[in-house]
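Some notes on the structure that comes next.
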Amino acid sequence: MSEIETEKSSKITELKIISNEHKFVWNFADIKQNLNSHIEKYVGLVVTEENLKDMESTQKEISSIRTKIDGFRKEVKKKMDEPYKVFEGEIKELLQLIEKAETPLKKQILEYENDRVLKLEEELKKFAQTTATNMGVRDEYFKFSVQSKWTNRTAKKNAVRKEIVTEIESMLDSQRRDDEAKEMARQRIDLIKGQCVAHSVGLKTPIMPDDVNHLLVDASLADIPNIIMAECQKRADMEAKAAAPNVEPAPRVLDHVHHPDDNSIGFPNYGEGIEGTNPDWVDEALNPASFHVPPLPPVSRPMPPIPPMPPTCETPYDVILKLPGITIPQAGALKAFMASQGISYEIVSQTRRSEF
Numbered sequence: 001m002s003e004i005e006t007e008k009s010s011k012i013t014e015l016k017i018i019s020n021e022h023k024f025v026w027n028f029a030d031i032k033q034n035l036n037s038h039i040e041k042y043v044g045l046v047v048t049e050e051n052l053k054d055m056e057s058t059q060k061e062i063s064s065i066r067t068k069i070d071g072f073r074k075e076v077k078k079k080m081d082e083p084y085k086v087f088e089g090e091i092k093e094l095l096q097l098i099e100k101a102e103t104p105l106k107k108q109i110l111e112y113e114n115d116r117v118l119k120l121e122e123e124l125k126k127f128a129q130t131t132a133t134n135m136g137v138r139d140e141y142f143k144f145s146v147q148s149k150w151t152n153r154t155a156k157k158n159a160v161r162k163e164i165v166t167e168i169e170s171m172l173d174s175q176r177r178d179d180e181a182k183e184m185a186r187q188r189i190d191l192i193k194g195q196c197v198a199h200s201v202g203l204k205t206p207i208m209p210d211d212v213n214h215l216l217v218d219a220s221l222a223d224i225p226n227i228i229m230a231e232c233q234k235r236a237d238m239e240a241k242a243a244a245p246n247v248e249p250a251p252r253v254l255d256h257v258h259h260p261d262d263n264s265i266g267f268p269n270y271g272e273g274i275e276g277t278n279p280d281w282v283d284e285a286l287n288p289a290s291f292h293v294p295p296l297p298p299v300s301r302p303m304p305p306i307p308p309m310p311p312t313c314e315t316p317y318d319v320i321l322k323l324p325g326i327t328i329p330q331a332g333a334l335k336a337f338m339a340s341q342g343i344s345y346e347i348v349s350q351t352r353r354s355e356f
């Protein structure tokens with residue numbers, strides 16, 4: 001079928017009402033006039049206890065008129081609906097004829113639309129993957145899905161790609177933040193290890209990172225060396241105290257040597273110097289003043305400890321060290337240790353390793 005024939009065949013006869021013979025005329029004016037005159041006698045009635053039964057009968061009479069009129073309405077509506085029902089059935093028959101031709105076309109068009117959307121989604125996914133790779137986004141951070149609005153026929157290609165690039169940039173920012181956090185954690189671990197090694201020199205039991213981690217939870221990088229140095233000093237003091245000789249305490253030396261006539265050893269001159277007291281001793285042998293206390297033997301005092309020998313002078317050396325692959329935190333720890341030991345140094349050269 002040619003294009004012209006298709007155009008002609010699509011022009012159906014215009015829908016129109018050829019004849020409308022369903023004219024409805026009834027005696028509305030006569031009914032209204034008669035009803036007004038009939039109802040007028042019921043207007044203004046007052047219900048009392050005496051006329052209650054009569055008023056109930058009057059209300060039923062008025063209600064019967066209303067029921068009669070509403071029943072007439074329903075009967076007329078039923079008759080008037082009959083031609084419309086016939087018309088509605090004819091319309092449905094026409095729509096079924098149209099559906100026979102329309103449904104296959106819609107199905108084929110939908111298949112083409114689905115293919116178009118699938119191809120476009122693959123194109124957008126490939127663009128997103130390539131863009132992410134070029135920007136350095138790793139696979140574990142690449143989370144991408146095609147939004148339905150991007151596949152609409154009205155969507156602009158440049159606008160869609162711009163939105164995709166924005167999403168990729170967000171992925172890259174998340175990756176960069178995580179990498180920075182991991183690097184900071186690694187540097188922190190290296191700094192702690194280096195400081196433990198540097199400040200544990202000379203200790204029998206070196207300070208390990210696990211010994212101080214609980215003290216460094218909220219500590220900044222700048223405070224870590226001082227905290228570790230303090231812990232190492234505590235351990236050094238404990239080790240020095242444990243290694244010191246156990247010196248026996250010297251015996252007590254009495255400041256007074258007793259004389260036979262001295263009454264000050266446990267028995268003062270009772271009564272003397274106390275007003276109203278002058279005891280008379282019946283038995284002189286019981287008088288403390290007559291006690292004969294022999295002199296105590298001389299007490300030997302311990303000799304003072306021998307002072308330590310002065311340290312011998314060590315022979316100084318000039319040492320050249322090569323530290324391959326040392327990190328900045330490790331270099332800082334080494335610098336702090338040498339400063340604490342009074343070691344001077346000079347950096348002859350330093351070269352940064354190339355990254356692979």
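1 is the number of the first residue of the sequence shown in the working numbering; add one for each residue after it. Ideal placement from N, C-alpha and C gives every residue a C-beta, glycine not left out.
Closest Cα partner of residue i within the set the options
i	options	result
His199	Cys232, Glu169, Leu191	Cys232
Val137	Asp173, Ser349, Lys193	Asp173
Gly342	Lys322, Pro316, Pro329, Ile326	Pro316
Lys162	Arg153, Tyr141, Leu124	Leu124
Tyr141	Met184, Arg177, Val43, Ala336	Arg177
Val146	Lys126, Ile65, Pro206	Lys126
Ile91	Pro206, Lys16, Leu45	Lys16
Lys326	Ile18, Thr103, Lys335	The question names Lys, but residue 326 is Ile in the sequence shown. Of the candidates Ile18, Thr103, Lys335, the one whose C-alpha sits nearest the C-alpha of Ile326 is Lys335.
Asp237	Val117, Glu113, Gly202	Gly202
Ile69	Asp179, Leu94, Ile31, Glu346	Ile31
Ser148	Val117, Ser37, Glu113, Gln108	Val117
Assumed close pair residue i, residue j - CB separation to whole angstroms, cut-off 8 Å
i	j	result
Glu367	Lys204	Residue numbering for the chain in the displayed model covers 1 to 356; residue 367 lies beyond these limits and cannot be assessed.
Ile122	Thr151	Rather than Ile, the amino acid found at residue 122 in this sequence is Glu. Rounded, the Cβ-Cβ distance is 11 Å, inconsistent with contact.
Leu216	Ile189	With 8 Å as the limit, Leu216 and Ile189 do not qualify as a contact, their Cβ atoms being about 10 Å apart.
Ile62	Tyr42	6 Å
Ile98	Thr131	So it is not a contact: roughly 47 Å between Cβ atoms.
Ala219	Ile227	6 Å
Terminal residues of the alpha helix (DSSP H) in which residue i lies
i	result
Gly89	52-135
Ser37	28-39
Asn226	224-243
Gln175	157-199
Pro324	Neither: Pro324 is in no alpha helix (DSSP H) and is coded neither H nor E.
Met338	328-340
Pro209	209-212
Rounded separation between residue i and residue j - CA only
i	j	result
Ala128	Asp115	20 Å
Ala181	Met171	16 Å
Lys234	Gln187	25 Å
Lys100	Lys60	59 Å
Phe28	Leu35	10 Å
Ala333	Pro225	8 Å
Arg73	Ile18	28 Å
Val25	Glu40	26 Å
Leu105	Glu167	38 Å
Pro324	Ser349	12 Å
Lys11	Lys23	32 Å
Val319	Asn213	34 Å
Met135	Ala159	19 Å
Glu111	Thr103	12 Å
Tyr345	Ala230	24 Å
Contact set for residue i: own chain, Cβ-Cβ below 8 Å, skip 5 residues either direction
i	result
Pro209	Ile189, Ile192, Lys193, Cys196
Thr58	Tyr42, Leu45
Residue-chain proximity (residue i, chain D), Cβ-Cβ < 9 Å
i	result
Glu163	Checking the listed chains, one finds no chain D in this structure; it contains a single protein chain.
Residues of its chain near residue i, where Cβ-Cβ distance is below 6 Å and the 5 sequence neighbours each way are ignored
i	result
His38	none
Chain-order list of residues whose beta-carbon lies under 7 Å from that of residue i (same chain, five-residue window excluded)
i	result
Asp362	Limits of the chain in this structure are 1 at one end and 356 at the other, which puts residue 362 out of reach.
Gln175	Val137, Arg138, Tyr141
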